[in-house]
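Undergrad: Going by UniProt numbering, the first residue of the sequence shown is number 1, and it counts up by one from there.
Don't be surprised by glycine CBs; every beta carbon is placed ideally from N, CA and C.
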Amino acid sequence: MSQLIEVKVPDIGDFKDIPIIELFVKPGDTVSAEDSLATLESDKATLDVPSPAAGVVKSVSVKVGDRVSEGSVLLMLDAISGGAAADAPKPAAAAPAPAAASAAPVAAGSFAGKADIECEMLVLGAGPGGYSAAFRSADLGMQTVLVERYATLGGVCLNVGCIPSKALLHVASVLEEASHFSDVGVSFGETKVDLNRLRAHKEKVIGKLTGGLSGMAKARKVEVVRGYGNFIDANHVEVSVTAGEGQDATGEKKVIKFQKCIIAAGSSVVKLPFIPEDPRIVDSTGALELRSVPKRMLVIGGGIIGLEMATVYSALGARIDVVEMGDGLMPGADRDLVKVWEKQNLHRFDKIMLKTRTVGVTCRPDGVLVKFDGDQAPADEQKYDMVLVAVGRSPNGKKISAEKAGVLVTDRGFIQVDKQQRTNVSHIFAIGDIVGQPMLAHKGVHEAHVAAEVASGLKSYFDASVIPGVAYTEPEVAWVGVTEIEAKATGRKIGVGKFPWAASGRAIANGCDYGFTKLIFDEETHRIIGGGIVGPNAGDMIGEITLAIEMGCDPVDIGKTIHPHPTLGESIGMAAEVFEGACTDLPPQKKK
1 MSQLIEVKVP
11 DIGDFKDIPI
21 IELFVKPGDT
31 VSAEDSLATL
41 ESDKATLDVP
51 SPAAGVVKSV
61 SVKVGDRVSE
71 GSVLLMLDAI
81 SGGAAADAPK
91 PAAAAPAPAA
101 ASAAPVAAGS
111 FAGKADIECE
121 MLVLGAGPGG
131 YSAAFRSADL
141 GMQTVLVERY
151 ATLGGVCLNV
161 GCIPSKALLH
171 VASVLEEASH
181 FSDVGVSFGE
191 TKVDLNRLRA
201 HKEKVIGKLT
211 GGLSGMAKAR
221 KVEVVRGYGN
231 FIDANHVEVS
241 VTAGEGQDAT
251 GEKKVIKFQK
261 CIIAAGSSVV
271 KLPFIPEDPR
281 IVDSTGALEL
291 RSVPKRMLVI
301 GGGIIGLEMA
311 TVYSALGARI
321 DVVEMGDGLM
331 PGADRDLVKV
341 WEKQNLHRFD
351 KIMLKTRTVG
361 VTCRPDGVLV
371 KFDGDQAPAD
381 EQKYDMVLVA
391 VGRSPNGKKI
401 SAEKAGVLVT
411 DRGFIQVDKQ
421 QRTNVSHIFA
431 IGDIVGQPML
441 AHKGVHEAHV
451 AAEVASGLKS
461 YFDASVIPGV
471 AYTEPEVAWV
481 GVTEIEAKAT
491 GRKIGVGKFP
501 WAASGRAIAN
511 GCDYGFTKLI
521 FDEETHRIIG
531 GGIVGPNAGD
541 MIGEITLAIE
551 MGCDPVDIGK
561 TIHPHPTLGE
571 SIGMAAEVFE
581 GACTDLPPQK
591 KK
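Right, dumping it as structure tokens:
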């Protein structure tokens, strides 16, 4: 027997209106349960949508480039009851998909041995979310143990992610700004980059922060155990101890017994299975090692991480190509913000290949040969000295034996939690990348505080209205809340107040009058629901817009708040005045 079913986009976390970058099926194709049907791409990860059952595709409701959210219908499937589909040709491009999450808790493991360490609170993972959870737990009086694989606290973010990248991006910004100073009568000598000293600077920045965290852990009497942690039942974790500067296993095992646990195990870079292992092919961690500066570099993936690294390597002298399967760079941000960024970065790129896929990579002694397919694919293979693969991150939910604790993990590796960060096991909490999009450190830290407070008996909830996103490129792009793209897709009536920095005295003086600030208001309530900024220090200013949304401000609240002059930040107040028709720093506006 067969049954016609709608295949919809499953739970994809907090993201909405994200693009389909690849479709693996067409009407008439036969699929098995868990075959990949489509790939979606947020600004932080790529997500495969698996088939919920075996059957034959009757119709497809979407195409590459369409934007979808949880619950959007992708296709109609004539599902075959009883298991696998009959033998028939399958779509050639289908990629393997991970197993689906169980519908009910998996039977938990059981440990009857003696524990090496006992504690009230165990935190698994010491990234920004993890160490914040451990420190808050200790501050609330719980005896706390923190498990971390790296030699220092801080996880991916501090050691091989957010912080080292920002150290290099600052250097890149200064390099590029200095190169333009001859236009105003200030000339410098020829720029010389000493990679050894630049790497040392990056490591010094990391060391200051990680050293500070170590001191704060000791001050709070948080016990740090180094290694990889895996659950062995609902109250025990076994740690495979690591040593050295890397993550080398020693063979030693430690068992920790806990009363409560916060999972903060983070995420890992997505690897493309057809790309070979070669030292010239790197992920974001490898790119941050700064082994050399290539003459020609390819960035696979047009999201934030890839574009930030492109900014660094370009400033150091590399020529950059970018390939992106979607129809635009920096997905998630409004196109008017990205358009300004693109114009300011034309000098950086030889090729930006949109709606184009990487389909083949061959490593030779003289370079890495890459073959492309798609709307803007070059006819011939292209040769590169370095290839950065930056196609997103995937959660580590399936790497910690969570099933032995009875914790449910989705087919994508996410752990589902409630508003108090509880998993389906009441004394086990989860936070950060592992619980869903957006995969951002600042979200994880706030979730960490909630989890620790709830575990200690306080009434606490994660109820953030919005979470800002920032591309720390040159210039920076920042946005928060409802975008114009999202409003259009949902039919929401909005009004926009946009203030061009060409009318900002500070922007003109600083040579960044190309930027702008915009605020998005609900037409019915007149409350602010979103906003975006493109220009230097956009990431430092987006917090004010975030607070305005959380406080339910209207344009008068924002416009009547006195901002210091002359600053870039005053453009936020002026954008509110533009919406109200009260801005005197622009030509007279037409009355609404």
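Name the DSSP bridge partner or partners of F148?
TA: Just to set this straight, residue 148 is Glu in the shown sequence, not Phe. Bridge partners of E148: R226.
Undergrad: Exposed or buried, L288, counting other C-beta atoms within 10 Å across all chains shown (16 or more means buried)?
TA: When all chains shown are included, L288 counts as buried.
Undergrad: Return yes when the Cβ of G481 is within less than 7 Å of the Cβ of V466, no when it is not.
TA: Yes, they are a contact pair.
Undergrad: On the DSSP letters alone, give me the boundaries of the beta strand (DSSP E) that G55 sits inside.
TA: Where G55 is concerned, the enclosing beta strand (DSSP E) stretches over 55-60.
Undergrad: Just how far apart, CA to CA, sit M330 and G207?
TA: Cα-Cα distance, rounded: 31 Å.
Undergrad: With DSSP run on the structure shown, which of helix, strand or coil describes H236?
TA: Strand at H236.
Undergrad: Just to confirm before moving on: does the CB-CB distance between E176 and A318 stay below 7 Å?
TA: The answer is no: Cβ separation not under 7 Å.
Undergrad: Does the Cβ-Cβ distance between D17 and E486 come in under 7 Å?
TA: Taking 7 Å as the Cβ cut-off, D17 and E486 qualify as a contacting pair.
Undergrad: Grab me the residues of residue 593's own chain with a C-beta within less than 7 Å of its C-beta, minus the 5 sequence neighbours each way, in chain order.
TA: Summary: the structure shown does not reach residue 593, with the chain confined to residues 1 through 592, and so no result is reported for it.
Undergrad: Here's the rule I'm using: 16 or more other beta-carbon atoms within 10 Å means buried, otherwise exposed. How should A107 be labelled?
TA: At A107, the pLDDT of 45 sits below 50, so the modelled position is not reliable and the matter cannot be decided from this model.
Undergrad: Who are the Cβ neighbours of S240 in its own chain at under 7 Å, not counting the five residues just before and after it?
TA: Excluding residues within five positions, the ones whose Cβ falls inside 7 Å are G227, Y228, A249, K253.
Undergrad: Just checking my contact of G263 with I428 at CB under 8 Å: how many whole Å lie between their CB atoms?
TA: Note that residue 263 is Ile in the sequence shown, not Gly. Yes, they are in contact, since the Cβ atoms of I263 and I428 sit about 7 Å apart, within 8 Å.
Undergrad: If you draw a straight line from the C-alpha of K58 to the C-alpha of G303, how long is it?
TA: Roughly 33 Å separates the two Cα atoms.
Undergrad: Between which two residues does the beta strand (DSSP E) carrying V496 extend?
TA: Counting along the chain, the beta strand (DSSP E) containing V496 begins and ends at 494-500.
Undergrad: Checking 7 Å against the spacing of the C-beta atoms, do T242 and R149 come in under that value?
TA: Yes, the pair counts as a contact, with Cβ atoms nearer than the cut-off.
Undergrad: Please determine, among Q421, G469, P555, the residue with the shortest C-alpha to C-alpha distance to G432.
TA: Nearest C-alpha to G432: Q421.
Undergrad: Determine the closest residue to V556 out of S268, G497, G511, with distance taken between C-alpha atoms.
TA: It is G497 whose Cα lies nearest to the Cα of V556.
Undergrad: Give the DSSP-derived three-state secondary structure of E580 in the structure shown.
TA: Correct three-state label for E580: helix.
Undergrad: In whole angstroms, what separates the C-alpha of D327 from that of G301?
TA: In a straight line, the C-alpha of D327 is about 12 Å away from that of G301.
Undergrad: To the nearest angstrom, how far is it from the Cα of D540 to the Cα of Q3?
TA: D540 and Q3: Cα-Cα distance of roughly 53 Å.
Undergrad: Comparing the CB of F231 with every heavy atom of the ligand ADP, is any distance shorter than 6 Å?
TA: In the structure on display, the ligand ADP does not appear, and there are no ligands present to speak of.
Undergrad: I'd like to check one pair, L337 with V156: are the Cβ atoms closer than 7 Å?
TA: Contact: no.
Undergrad: Pull up the distance between the alpha-carbon of V417 and that of P164, whole angstroms please.
TA: Each residue's alpha carbon lies about 31 Å from the other.
Undergrad: Roughly how many whole angstroms lie between the Cα atoms of A79 and T483?
TA: Roughly 37 Å between the two C-alpha positions.
Undergrad: Cβ of M353 within 7 Å of Cβ of V323?
TA: Yes, Cβ-Cβ distance for M353 and V323 is below 7 Å.
Undergrad: In the DSSP assignment, what are the bridge partners of residue 593?
TA: An answer regarding residue 593 cannot be provided, because it is not within the stretch 1 to 592 covered by the chain.
Undergrad: Given this structure, state the Cα-to-Cα distance separating A310 from P273, to the nearest angstrom.
TA: Each residue's Cα considered, the two are about 23 Å apart.
Undergrad: What three-state label does DSSP hand K590 in the structure shown?
TA: Of the three classes helix, strand and coil, the one that applies to K590 here is coil, per DSSP.
Undergrad: Determine the DSSP secondary structure at M574, reduced to helix, strand or coil.
TA: In this structure, M574 counts as helix in the three-state DSSP scheme.
Undergrad: Just how far apart, CA to CA, sit M121 and D350?
TA: Each residue's Cα considered, the two are about 52 Å apart.
Undergrad: Could you name the residues that DSSP lists as bridge partners for P395?
TA: Looking at the DSSP assignment, P395 forms a beta bridge with S267.
Undergrad: Short of 7 Å in beta carbon distance, which residues of its chain neighbour A576, apart from the five on each side in sequence? Order them along the chain.
TA: So the list reads G497, L519, P555, I558, G559, once near-sequence residues are dropped.
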